[in-house]
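Here the protein sequences come in this chain order: A and B.
Under our numbering, the residues of the first sequence are numbered 1 to 284, in order.
Under our numbering, the residues of the second sequence are numbered 1 to 279, in order.
Every residue, glycine too, gets a C-beta built ideally from N, C-alpha and C.
Notes follow once the structure below has been shown.
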Amino acid sequence: MSGARIIWRKSLNYVMLSLTGVAALGVVSVLFLILGYLLWNGGTSLSLDFFTKLPKPVGETGGGMANAIVGSLKLLMLAALMGLPIGLFAGVYLAEFGGKTFSFVIRYTTDLLNGVPSIVIGIFAYSLVVLPVKHFSTLAGGVALGIMVIPVTVRATEEFLRAVPGSLREGAMALGASKWKTIATVVLPAAKGGILTGMLLALARVAGETAPLLFTAFSNRFWSPGWSQPTASLPVMIYTYAIAPYDDWHRQAWAAGLVLLALVLVANLGARFLLNRGNTVRSV
Amino acid sequence: MLSASHGGNATAARRAPEVRVHAARATSSEKEAQVRFQISDLNFFYGPKQAIFGLSLKIPANRVTALIGPSGCGKSTFLRTLNRMNETIRNTRVEGEILLDGQEILSMDVVGLRRRVGMVFQRPNPFPKSIYDNVAYGLRINGYKGRLDDLVEHSLRRAALWEEVKDYLHKSAFALSGGQQQRLCIARALAVDPEVLLLDEPCSALDPVTTAKIEELMFQLKDSCTMAIVTHNMQQAARASDFTAFMLDGKLIEHSETSKLFTTPTDPRTEAYITGRFG
């Protein structure tokens with residue numbers, strides 16, 4: 001083997017290694033750029049008022065987004081109540097019961113649902129829940145987000161259930177447990193860390209969705225009086241405030257962005273914590 | 001029989017008096033020769049592939065029956081038909097008659113059957129729960145409402161694990177060593193007080209010291225339990241069993257008292273296998 005070849009091979013190796021490294025650095029720096037910008041702009045505009053006060057009328061400065069924070073939490077709660085059980089049970093079906101063809105169809109449909117643009121899901125919830133009663137509602141927003149939660153939950157549940165060794169199922173069944181009892185008392189508890197993580201990540205993802213809320217939950221400058229009335233939410237508020245011509249509103253939009261990000265980050269950290277705890281139970 | 005099952009074994013020597021007592025009792029009850037499992041003309045299929053061919057065998061009560069044979073000869077499959085575990089695999093079919101104390105198991109309620117016929121697997125498979133909850137599991141799912149504490153202790157004592165874990169009952173079962181985990185799985189199976197214990201290569205993942213502990217345990221359990229053990233280890237079959245069945249290609253080739261099968265096998269294939277010429 002000639003020396004030139006070796007040098008060529010080594011330098012190619014070096015170049016490719018550098019390329020992948022630069023790309024990785026690029027990914028991280030984009031994230032940190034967003035984070036830094038958000039912290040810089042949002043942090044300076046954040047105050048206690050933001051969490052406790054309602055938005056001020058147009059033209060006045062100050063005020064906060066208490067109603068939007070509560071609204072977002074209400075929407076997420078609805079989404080969780082509707083989407084998580086369906087996703088969980090469908091995931092259990094796929095991992096534990098489903099036959100070949102039917103499972104394939106469900107799995108494929110789930111992936112398609114995951115790929116449906118959020119605005120389309122918004123239109124669907126609009127025609128399903130808003131049109132019949134002729135007004136926007138918190139419930140409609142919850143339905144839209146709930147639909148978006150389903151596919152992620154299904155796949156996370158299926159994946160983590162499949163990771164549970166078959167020997168545990170056999171062990172339980174050899175003791176006389178029925179299939180359902182085996183799943184409920186052994187398989188699901190063994191996978192609960194992973195499944196909860198998937199659920200939290202699904203909720204964190206839809207927490208930032210704006211498009212499906214625009215014509216379902218709409219928005220509200222005041223406290224939402226009930227589930228059947230429109231409500232403010234952080235993403236929609238960001239949208240409204242960011243395109244408004246007032247500097248004070250822009251600052252508030254940044255603050256809202258920061259709060260939303262903090263919410264998602266907390267959910268992610270919580271998920272990480274749950275997953276780790278789940279793992280320790282399995283491997284200690 | 002004593003010399004065949006425990007001859008020259010260090011563990012046996014240590015427990016010599018106990019062994020003698022046990023052996024005496026065994027011989028007195030030998031006359032009864034009660035049959036726990038009676039299998040007649042058993043055929044088993046994985047889809048179109050037949051795995052067991054016309055197998056007939058009697059498994060005597062309160063004895064250890066060893067199943068030996070090369071890999072893939074169907075001994076695990078056979079063991080798993082005895083508590084109908086094969087039903088959890090799709091596309092399997094079983095033909096023939098399996099009587100447990102004279103009752104056909106194929107028409108029995110499967111939960112009731114598995115309560116009477118416990119199973120220990122090749123690899124220890126404790127649940128991701130505490131030691132206590134592992135042992136209590138079978139009782140709980142069977143709706144046992146009495147005092148669990150006593151039964152958990154009793155089962156752990158029967159599995160010779162109590163002294164090692166009594167202070168850590170609520171620690172995760174994964175904190176135990178492999179051998180302890182396997183004894184925990186035995187305790188878990190014993191908790192529902194089965195008549196029969198099926199052991200599917202229970203020692204293949206364990207070191208010799210732990211293996212000796214489990215064999216000793218099997219010896220003690222004979223009082224209350226009938227055992228069938230699949231093993232690749234012929235020394236183990238010779239040490240720990242009273243009867244041995246040799247299987248080859250899904251057929252039962254020879255079945256007799258362990259001492260007889262290992263010293264004077266009637267079939268040339270048995271002799272070839274136990275002398276290590278194949279398998």
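- Interface criterion met: the Cβ of A:Ser178 is under 8 Å from a Cβ in chain B.
- In chain A, no part has a C-beta under 8 Å from the C-beta of B:Val230; the shortest such distance is about 14 Å.
- Minimum Cα-Cα distance from A:Val92 among the listed residues A:Leu234, A:Pro151, A:Gly208 corresponds to A:Pro151.
- In the three-state reduction of the DSSP assignment, B:Leu100 falls in the strand class, which pools E and B.
- Per DSSP, reduced to three states, the secondary structure at B:Ala61 is coil, with no helix or strand assignment.
- The continuous beta strand (DSSP E) containing B:Lys251 extends over residues 251–257.
- A direct Cα-to-Cα measurement between B:Ala205 and B:Arg123 gives close to 6 Å.
- At a C-beta separation below 7 Å, A:Met199 has no neighbours in chain B, since its nearest C-beta there lies roughly 19 Å away.
- In terms of CA proximity to B:Val35, B:Asn62 leads the group B:Pro48, B:Asn233, B:Asn62, B:Pro208.
- Distances from the CA of A:Lys100 to each of B:Leu106, B:Gln103, B:Arg90 were compared; the closest alpha carbon is that of B:Arg90.
- Under the Cβ distance rule, A:Thr185 counts among the residues neighbouring chain B, one pair being separated by less than 8 Å.
- Taking 8 Å as the cut-off, the Cβ atoms of B:Leu190 and B:Arg158 count as close.
- Listed by position along chain A, the residues whose Cβ is nearer than 9 Å to that of B:Val152 form an empty set, because the closest Cβ is around 14 Å away.
- When secondary structure is reduced to three states using DSSP, B:Thr210 falls in the helix class.
- Straight-line spacing of the CA atoms in A:Ala172 and A:Thr182 works out to 6 Å.
- Residues of chain B with a Cβ closer than 8 Å to the Cβ of A:Ala190 are, in chain order, Phe127, Pro128.
- Pairwise C-beta distances place the stretch 204–211 of chain A in contact with the stretch 114–131 of chain A, as three or more of them are shorter than 8 Å.
- Going by C-alpha positions, B:Leu139 is about 45 Å away from A:Ser72.
- Remark: C-beta atoms of A:Leu196 and A:Ala267 do not approach each other more closely than 8 Å.
- Between the stretch 142–151 of chain A and the stretch 80–96 of chain B, the count of C-beta pairs closer than 8 Å stays below three; the two stretches do not touch.
- Within its own chain, the residues whose Cβ lies closer than 6 Å to the Cβ of A:Val143, once the five positions on either side in sequence are excluded, are Ala125, Val129, listed in chain order.
- Taking 8 Å as the CB threshold, B:Tyr46 stays off the interface with chain A.
- Going by beta carbons, B:Cys73 and B:Leu184 fall outside the 8 Å limit.
- In the DSSP assignment, A:Gln229 falls outside any alpha helix (DSSP H) and carries neither an H nor an E.
- Closer than 8 Å to the CB of A:Leu94 there is not a single CB belonging to chain B.
- Distance between A:Ala177 and B:Met108, taken at the CA atoms: about 15 Å.
- At a cut-off of 8 Å between beta carbons, B:Arg183 makes no contact with chain A.
- Close partners of A:Lys181 in chain B (Cβ separation under 7 Å): Ile141.
- Proximity of A:Gly26 to chain B, defined by a Cβ-Cβ separation below 8 Å, is not satisfied.
- Out of B:Glu95, B:Leu221, B:Glu215, the CA that lies nearest to the CA of B:Ser155 is found in B:Leu221.
- One thing to note: B:Gly96 has its Cβ within 8 Å of the Cβ of B:Leu42.
- Interface annotation, A:Gly171: in contact with chain B, CB-CB separation under 8 Å.
- Looking at A:Thr138, A:Ala90, A:Val236, A:Pro165, the one whose alpha-carbon comes closest to that of A:Ser103 is A:Ala90.
- By the criterion of a C-beta distance shorter than 7 Å, A:Asn276 is surrounded by no residue of its chain, once the five residues flanking it on both sides are discounted.
- A residue is called buried when at least 16 other Cβ atoms come within 10 angstroms of its Cβ; B:His255 meets this threshold and is buried.
- Put simply, the CB of A:Ala163 is far from chain B, with every gap to its CB atoms at 8 Å or more.
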